[in-house]
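Position in the sequence shown (from 1) plus 6 gives the number in the numbering used here.
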Amino acid sequence: MIIDSERWIWDSWYVQEGDRHHAFFLAAPRSLGDPELRHENAVVGHAVSRDLRDWQHLPDALAPGRPGRFDDRAIWTGSIVRHGDVWRMFYTGIGVDAGPARQRIGQAVSDDLVHWKRVSSDPLVVADPRWYSTFDRDGVEAFRDPWVFRHTDGLWHMLITATDRYGHGCVGHATSDNLLTWTVEAPLTSRSGFDQLEVLQIARIGGSNVLFFSCQAHDVHVDTVEPRTGVYSARADTPLGPYYLERAEPIGLDGIYAGRVIDTESGPVMLGFRNETATRPFEGVIGEPAALHLTSRRTVVATQPATASIAG
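Encoded structure:
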């Protein structure tokens, strides 16, 4: 479990170097009193572990930028890739100018996963009004939670939590051949029937491509999908779709939100934060790893906690 007695911890993302797993996560002071205030006070914390259970905290990885930058209010969810000898963190930036209403994507780089430097004071990726609602039904320009991976076409692809022009939550999309210059593409889904698809990730489970996302029960407007607050999985023919969101299923981790898939020697597991439920308040901690299993429907179910060794 990743816990900090002084701070709330929630959304997270992970990389492995050698025998150590590095966790990067959003953190904000518990002294704020109201957990809802955490979103505009978030920094990126950092911890390491060899078994995904016992964690050592390291100095924070990234804090809001200097006044006037696009990210001078708070840092939100991201992902990390390694290209050559450089680690690249793609993150969501929130500015004082518009606060959470406008979400944009930036990048920081590191050669040791501890010391990070921004590549620009301006965002690298922003919502394109040709394809995305720049201010949706809630007055929010959703363009966050970048998940970056290299595809077989040789390009880098970014999946983004966004809102399409019809007001539905969508899998936003951008591409790059160098990780610095990005082209915003049309979304990979349309009229999904969900208000939002948060903390997207594509992963290989049991030889199949699976799309993972989180949402609230009230975000679900698809008759064929059970409305639950938590993590969902959906069959994906390829990492770039099509995604069968009309067949999405909760993975069975009650009370866990913004889960991330991590590959281990014992198989894939998931870590996510312990969200509030009808019987439990928001705790601000990341729970124990849960083992993941592919179903015959090419969705995923979880067993919590994972019982096998996760070393390496």
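Don't be surprised by glycine CBs; every beta carbon is placed ideally from N, CA and C.
Residues near residue i in its chain [Cβ-Cβ closer than 6 angstroms; skip 5 each side]
i, result
"Thr313", "In this prediction, Thr313 has a pLDDT of 48, which is less than 50 and means its spatial position is unreliable; what the coordinates show is noted afterwards. So no residue of the chain qualifies."
"Leu251", "Ser198, Ala240"
"Ser127", "Arg75"
"Ala192", "Trp137"
"Val146", "Ala107"
"Phe31", "Ile15, Ser18, Gly51"
"Gln22", "none"
Cβ pair residue i, residue j closer than 8 angstroms
i, j, result
"Thr189", "Ala180", "yes"
"Asp78", "Arg72", "yes"
"Asn6", "Ala34", "The chain is shown only over 7 to 318; residue 6 falls outside these bounds and no answer can be derived."
"Ile111", "Thr98", "yes"
"Gly265", "Ser220", "yes"
"Leu218", "Val267", "What sits at residue 218 in the sequence shown is Phe, not Leu. Result yes, Cβ atoms of Phe218 and Val267 sit closer than 8 angstroms."
"Val237", "Gly278", "yes"
Beta strand (DSSP E) segment containing residue i, residue limits
i, result
"Asn215", "214-221"
"Val50", "49-55"
"Gln22", "13-23"
"Arg156", "149-156"
"Ile9", "Ile9 -> no beta strand (DSSP E), and no H or E assigned at all."
"Leu300", "296-300"
"Leu165", "162-169"
"Leu64", "62-68"
"Gly99", "92-101"
"Ser85", "80-89"
"Glu191", "189-191"
When the options are compared against residue i, the one with the closest alpha-carbon
i, options, result
"Arg94", "Ala104, Arg79, Pro41, Gln113", "Gln113"
"Pro129", "Phe149, Tyr20, Arg44", "Phe149"
"Ala168", "Gly212, Arg156, Arg108", "Arg108"
"Gly84", "Phe141, Val231, Val228, Ser18", "Ser18"
"Gly178", "Gly145, Gly236, Arg88, Tyr138", "Tyr138"
"Ile9", "Val306, His299, Phe288", "Phe288"
"Arg253", "Glu294, Asp260, Asp243", "Asp243"
"Ser116", "Leu217, Val131, Pro106, Gly90", "Gly90"
"Asp60", "Pro295, Arg280, Val120", "Pro295"
"Pro41", "Trp16, Asp118, Glu23, Gln22", "Trp16"
"Arg124", "Ile81, Gly160, Thr305, Ala133", "Ile81"
"Met7", "Val132, Ile292, Glu255, Tyr238", "Ile292"
"Ala297", "His27, Gln310, Arg280, Glu255", "Gln310"
"Pro248", "Trp122, Asp170, Asp159, Ser196", "Ser196"
"His27", "Thr305, Thr283, Arg303, Asp269", "Asp269"
Integer Cβ distance of residue i from residue j, believed to fall under 8 angstroms
i, j, result
"Phe200", "Asp183", "That belief does not hold up - the Cβ atoms of Phe200 and Asp183 are roughly 31 angstroms apart, past 8 angstroms."
"Ile208", "Pro274", "In fact, because the Cβ distance is near 13 angstroms, the residues do not count as touching under 8 angstroms."
"Val120", "Leu64", "6 angstroms"
"Leu203", "Gly175", "5 angstroms"
"Phe96", "Pro152", "4 angstroms"
Close-in-space but distant-in-sequence residues of the same chain around residue i (CB under 8 angstroms, 5 per side omitted)
i, result
"Ser315", "Per-residue confidence for Ser315 stands at a pLDDT of 41, beneath the threshold of 50, marking its modelled position as unreliable; the derived number appears in the next sentence. The residues are Asp57, Glu271, Ser272."
"Gln62", "Ala53, Val54, Ser55"
"Arg13", "Ala33, Ala34, Pro35, Arg36, Gly51, Gly290"
"His4", "With the chain represented from 7 up to 318, any question about residue 4 goes unanswered, as that position is not in the structure."
Heavy atom of the ligand MG within 7 angstroms of residue i beta-carbon
i, result
"Arg88", "Ligands in the displayed structure: none, and consequently the ligand MG is not present."
Cβ-based neighbour list, residue i, same chain, cut-off 7 angstroms, excluding 5 preceding and 5 following
i, result
"Leu246", "His157, His163, Leu194"
"Gly173", "Ser139, Asp142, Arg143"
"Gln222", "Thr235"
"Val307", "Ile257, Gly258, His299, Thr301"
"Arg286", "Gly261"
"Gly24", "none"
Proximity test, Cβ basis, 8 angstroms: residue i and chain D
i, result
"Val87", "Among the chains of the structure shown, chain D does not appear; only one protein chain is present."
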